[in-house]
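In what follows, a single structure is set out as structure tokens and then discussed.
Numbering (our numbering), first residue to last: 5 to 346.
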């Protein structure tokens, strides 16, 4: 068996009798400075890529929630005001289906890339500390857990909360870059989106059934109530809006004045007497009757009465009364009154 001389603090071994200029045999691993430097750069670049991919994922998540949440009427107002970025938001909500597909594509790309790049980079950073104790598998598991938590918290929940809290501001900021992304990947987005709708139709989903931002009377009442509870409307505004919404559900029977409360003018009064009566009662229109209220012969407008000469007969100022069924809705009655100018 050959003998060796130990030199340089166990860094190299020379065989006994060997010439010192001969190549040494390494006994302990030597530090490769260039290898360590390259490894540090690789891990550092990976961590920067992780930060960028988390940001990218958060961008697409915020974009999706902002476009879905922002009010279309508010966007139209921003466009009318010339707000920078409002046109991009308007394009986003006009082509919402395509923009949501773009967001989903971006989220998928960012998430897959994060798992592909982030886990090895973080595992490489943790392995010198954890791997020496528990092995490579534990370092990989810890790195996976950290990447998952970072992805969910910073890449999903935080941007979602931001977009839900400030949908208008978020939409204005993200709409421009998202529009560019959609333009670059338009063919891919189109194929994926149409393929998705093919599957949806197989499940019985009607593509044209959705009515984004359209509300019926019942939904409008809930919106008014929620706005009042949030402090956006005062009590008087809430009352007025609810009355306006309820107007569509009313019929003529609901708004009729009881016969005992009808204020009418007797056809036998003179014009001067009718003028005095109208000034006292202060209504814009009066039914004119002969004998009793069951015999209404016409309608008298206060404006016509006040412009009349005192010697004009009252009958010459009358207009034909509008007679409608009690069950007709108020909106139709209003339309008829405008047509007849009664």
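Heads up, the beta-carbon is just placed ideally off N, CA and C, and yes, glycines get one too.
Note that the structure is a prediction, hence the values are computed from the model and not measured.
With distances taken between CB atoms, is the gap from residue i to residue j smaller than 7 Å?
| i | j | result |
| --- | --- | --- |
| residue 57 | residue 117 | yes |
| residue 174 | residue 70 | yes |
| residue 122 | residue 54 | yes |
| residue 67 | residue 178 | yes |
| residue 259 | residue 292 | no |
| residue 301 | residue 271 | yes |
| residue 246 | residue 228 | yes |
| residue 127 | residue 142 | no |
| residue 114 | residue 50 | no |
| residue 200 | residue 92 | no |
Identify which residue in the options has its Cα closest to the Cα of residue i.
| i | options | result |
| --- | --- | --- |
| residue 267 | 243, 83, 290 and 92 | 290 |
| residue 172 | 285, 88, 341 and 328 | 88 |
| residue 276 | 72, 317, 241 and 240 | 317 |
| residue 99 | 124, 187 and 210 | 187 |
| residue 78 | 94, 64, 65 and 63 | 94 |
| residue 322 | 240, 332, 163 and 305 | 305 |
| residue 61 | 120, 86, 185 and 155 | 155 |
| residue 65 | 46, 107 and 90 | 107 |
| residue 265 | 274, 273, 278 and 285 | 285 |
| residue 75 | 86, 85 and 97 | 97 |
| residue 120 | 101, 147 and 288 | 147 |
| residue 324 | 299, 331 and 330 | 299 |
| residue 52 | 295, 129 and 82 | 129 |
| residue 161 | 315, 294 and 63 | 63 |
| residue 102 | 196, 225 and 226 | 196 |
In chain order, what residues of the same chain have a beta carbon less than 7 Å from the beta carbon of residue i, not counting five sequence neighbours either side?
| i | result |
| --- | --- |
| residue 345 | none |
| residue 328 | 256, 337 and 340 |
| residue 185 | 106 and 110 |
| residue 279 | 309 and 310 |
If I measure Cβ to Cβ from residue i and keep anything under 6 Å in the same chain, skipping five residues before and after, which residues do I get?
| i | result |
| --- | --- |
| residue 343 | none |
Residue i: beta carbon under 6 Å from a heavy atom of the ligand COA?
| i | result |
| --- | --- |
| residue 53 | Among the ligands in the structure shown, none appear at all, so the ligand COA cannot be discussed. |
Could you tell me how far apart the beta carbons of residue i and residue j are, in whole angstroms, since I believe they sit closer than 8 Å?
| i | j | result |
| --- | --- | --- |
| residue 249 | residue 221 | 5 Å |
| residue 176 | residue 90 | 7 Å |
| residue 168 | residue 73 | 6 Å |
In its own chain, which residues sit with a C-beta less than 8 Å from the C-beta of residue i, not counting the 5 before and 5 after it?
| i | result |
| --- | --- |
| residue 36 | Because residue 36 sits at a pLDDT of 44, beneath the cut-off of 50, its placement in the model cannot be relied upon, and the point is left open. |
| residue 254 | 333 and 334 |
| residue 273 | 281 and 318 |
| residue 287 | 267 and 306 |
| residue 151 | 54, 118, 119, 122, 123 and 126 |
**Study point:** Segments assigned beta strand (DSSP E), at least 3 residues, entirely inside the segment 267-323
**Key:** 289-294 and 296-305
Check your understanding: Going along the chain, which unbroken runs of the alpha helix (DSSP H) with 4 or more residues stay wholly within the segment 211-261?
Key -> 221-233, 239-251 and 256-259
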